[in-house]
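Residue numbers (my numbering): -14 to 210. Backbone N, C-alpha and C define an ideal beta-carbon position, used for all residues, glycine too. From a predicted model like this one, the values you see are computed outputs, not experimental measurements. See below for the structure under consideration.
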Amino acid sequence: MRLNLVIVFFLLMGNIGASAQEYRVSLADKNKAIVLTNQAIEKVRDDKVDDAFKLLVEAISIDSTNRNSYLQLYRVAMNDSARVAPAISILKKSKKIFKQDDEICYYLGEMYNMKGEVKRAMAEYSMAIAFSKINGEDFHLVHRYYFNRANICLGKNMISTAVLDYTYALNLKPDYGAAYANRGICFYKMGEKDAACKDWKQAVKLGISQSKEYVKRNCNSEVAK
């Protein structure tokens, strides 16, 4: 039976726990960059992605310390695959300004993952996880750092490592249905059918409909009920 991973991409932003290196930018340039970034956000709302990307690149060239410009650039790139490569190049440079920024590392991981560069994606997720230990794991995206790294591990057949990451994601977010679904796949591959069925059943309760088929095909009535 083919078991399909549950994969989730999110565009939520806002971690401010990471430290930033000091750069001198005039107040006029700071304000101009903010205006350009806000204009880009409006362009995204109007589905004018190309215009939005150009505005954000200009904003960053004027004020490289405006963190929101980088986060919005990620958002644009994830809505237009043609923009992923240049966005990666720009966000990589931002890491020299925003030290130990777990959120930016995570977004780089997402873009590498989108390109199919899973080795680099995994490295960025791992850095995001390491920095989250410093910045705080209460940030609303941290569970996804573990979940997405686990997905890569599962794809590489690193099953026991994937289980650890899915489990940690569930410790951070106990109602994370996708993590239950994918951890169930790991348990199934490990021959732990009862544990797999338990996870899939919990995933169904949490709204992951594709796990219903796994329960139906693989789980006896005692475990499935």
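- Secondary structure note for A44: its alpha helix (DSSP H) is the uninterrupted segment 34 to 47.
- Annotated as proximal: T50 and V10, with beta-carbon spacing under 8 Å.
- With a cutoff of 8 Å on beta-carbon distance, Y173 and N203 are scored as near each other.
- M175 and V29 have their C-alpha atoms roughly 44 Å apart.
- Excluding its 5 nearest sequence neighbours in each direction, K197 has C-beta neighbours in its own chain below 7 Å: V189, listed in chain order.
- Around D160, the same chain offers L191 as residues with beta carbons nearer than 7 Å, after the five sequence neighbours per side are excluded.
- Where P159 is concerned, there is no enclosing alpha helix (DSSP H), because DSSP gives it neither an H nor an E.
- Taken through DSSP and simplified to helix, strand or coil, K84 comes out as strand.
- Look at C138 here: in three-state DSSP terms it is helix.
- By alpha-carbon distance to E109, the top candidate from N120, E88, K15, R168 is E88.
- 8 Å or more divides the Cβ of R129 from the Cβ of S111.
- Excluding sequence positions up to five before and after Q24, its CB lies within less than 7 Å of the CB of L40, all in the same chain and listed in chain order.
- Counting every other CB atom within 10 Å of its CB across the protein chains shown gives D150 a total of 16 or more, marking it as buried.
- Excluding the 5 residues flanking it on each side, T146 has same chain C-beta neighbours closer than 7 Å at C138, in chain order.
- By the Cβ-count criterion, D179 is exposed, with fewer than 16 other Cβ atoms from all chains shown falling within 10 Å of its own Cβ.
- If you draw a straight line from the Cα of N142 to the Cα of R68, it is about 30 Å long.
- Taking V200 as the centre and dropping the five residues before and after it, the same chain places the C-beta of C182, W185, K186, V189, A209 closer than 7 Å to its C-beta, in chain order.
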